[in-house]
Amino acid sequence: MNKVKDTVFQLSGLYKIYSKKLENEVRQGDIPNHVALILDGNRRWAKRHLAMAKSGHWKGADAVENLLDWCEQLDIKIITLYALSAENLDRKDDELDYLYDLIRMRLEKLYNDPRIHKNKMRVVGIGRIELLPESIKDILHKLDEATKGYDNHFLNIALAYGGQLELVDAVKKIGEKIKEGDLNVNDIDKKEIESNLYTSHLPQSSPDMILRTSGEKRLSGFLMWQSAYSELVFMDIFWPEFRKIDLMRAIRTFQERKRRMGK
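Under the working numbering, residue 268 is the last one in the sequence shown; the count climbs by one each step, no gaps.
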């Protein structure tokens, strides 16, 4: 037993040394200004640990809170989280009800978190928010009202979100402007489209890096327009086990790539 403890202690010490070394290296490079994350693998993590799916979602929510701390430490200005897809709303089961309760509780905790005011963080829910329960819509409205004057950091929480739906909604907004005589068809350009997306409030709507956990190598419609030149990083870990060292590894991967932006 003592040998096992000694081994664990040694591994822990090596982990701390490696983590510190990696952080020093990462801080010397370009830190992405806007990081978007697809939080995938909660249920599979629970299945691997012979636990109920609820446990995976709870652990995943804890990982989000840790992520916000790490992004603050690395001074990442914009975070966009894919938390609940529009397709998830079709489940109509007990798991969806639990997710609603969990999202509401964590949003209420965020609303009472002094860090959002200290960091002057604008918090916005993006997606078809009107499809969500009133309790979630209410707390999102409170967060928006409490932080609408902030522009130092931004936290976007994608709920009832779908990339194709975002484009449909943008087209409808543009069509309404044309119908009202406020916009000419010939004046529709990239800037006009971006001004009608869910991310129009951001100083930089396009993520520098999009990270997906769980080993899946697809975006699942996430930020379809905004991701045109984003660096994509896929990691073979489930979201509930995501650590600061994983975030730093993803940033290091981002730093090692040459971004040409289509040029």
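We treat Cβ as the ideally placed atom computed from N, Cα and C, and that holds for glycine.
Drop a sphere of 10 angstroms on the beta-carbon of residue i, count the other beta-carbons inside from all chains shown, and report buried for 16 or more, exposed for fewer.
i: L252; result: buried
i: S17; result: exposed
i: E2; result: This structure gives no information on residue 2, because the portion of the chain shown stretches from 6 to 268.
i: A233; result: exposed
i: L112; result: buried
i: E185; result: exposed
i: G154; result: exposed
i: T12; result: Its pLDDT being 49, under 50, T12 is placed unreliably in this model, and the value from its coordinates should be taken loosely. Burial call: exposed.
i: D213; result: buried
i: E139; result: exposed
i: Q351; result: Because the chain in this structure spans residues 6 to 268, residue 351 falls outside the shown range and cannot be described.
i: K25; result: exposed
i: P119; result: exposed
i: Y20; result: exposed
i: V31; result: buried
i: I121; result: buried
i: A255; result: buried
If contacts are defined as beta-carbon pairs under 8 Å, then residue i and residue j qualify, I think. What distance do you get, rounded to the angstrom?
i: L170; j: A91; result: 6 Å
i: T85; j: N161; result: 4 Å
i: Y103; j: K59; result: 5 Å
i: N157; j: N124; result: 6 Å
i: H62; j: L94; result: At roughly 15 Å, the Cβ-Cβ gap does not stay under 8 Å, so H62 and L94 are not in contact.
i: W75; j: P245; result: Actually they do not touch by this definition, with Cβ atoms about 15 Å apart.
If we call anything under 9 Å between Cβ atoms a contact, is residue i one with residue j?
i: V129; j: L115; result: no
i: I141; j: I134; result: yes
i: K82; j: H39; result: yes
i: Y87; j: I43; result: yes
i: L188; j: E199; result: no
i: L216; j: V238; result: yes
i: Q260; j: D67; result: no
i: L137; j: A163; result: no
i: F243; j: G46; result: yes
i: F247; j: P208; result: no
i: E236; j: R264; result: yes
Taking residue i as part of the beta strand (DSSP E), name the residues at either end of that continuous run.
i: F159; result: H158 to Y166
i: E139; result: Premise fails: E139 lies in the alpha helix (DSSP H), E139 to T152, not in any beta strand (DSSP E).
i: R49; result: No beta strand (DSSP E) holds R49; the alpha helix (DSSP H) holding it covers N47 to R53.
i: E100; result: Careful: E100 lies outside any beta strand (DSSP E), inside the alpha helix (DSSP H) at D99 to Y116.
i: R127; result: M126 to I131
i: E83; result: Strictly speaking, residue 83 in this sequence is Ile, with Glu absent from that position. Segment I83 to S90, the beta strand (DSSP E) holding I83.
i: L228; result: No beta strand (DSSP E) contains L228, which DSSP labels as neither H nor E.
i: L136; result: Per DSSP, L136 belongs to no beta strand (DSSP E) and is neither H nor E.
i: F239; result: E236 to F239
Alpha helix (DSSP H) containing residue i: first to last residue?
i: G61; result: A58 to Q78
i: M253; result: K249 to E261
i: F43; result: First, the residue type needs correcting, since residue 43 is Ile and not Phe in the sequence shown. Premise fails: I43 lies in the beta strand (DSSP E), H39 to I43, not in any alpha helix (DSSP H).
i: R96; result: Element bounds for R96: n/a, residue is neither H nor E.
i: R120; result: R120 to K123
Q.
Please give me, in chain order, every unbroken run of the alpha helix (DSSP H) with length at least 4 that falls completely inside the segment 164-223.
A. If only uninterrupted alpha helix (DSSP H) runs of at least 4 residues are considered, those enclosed by the segment 164-223 are 168-184 and 195-199.
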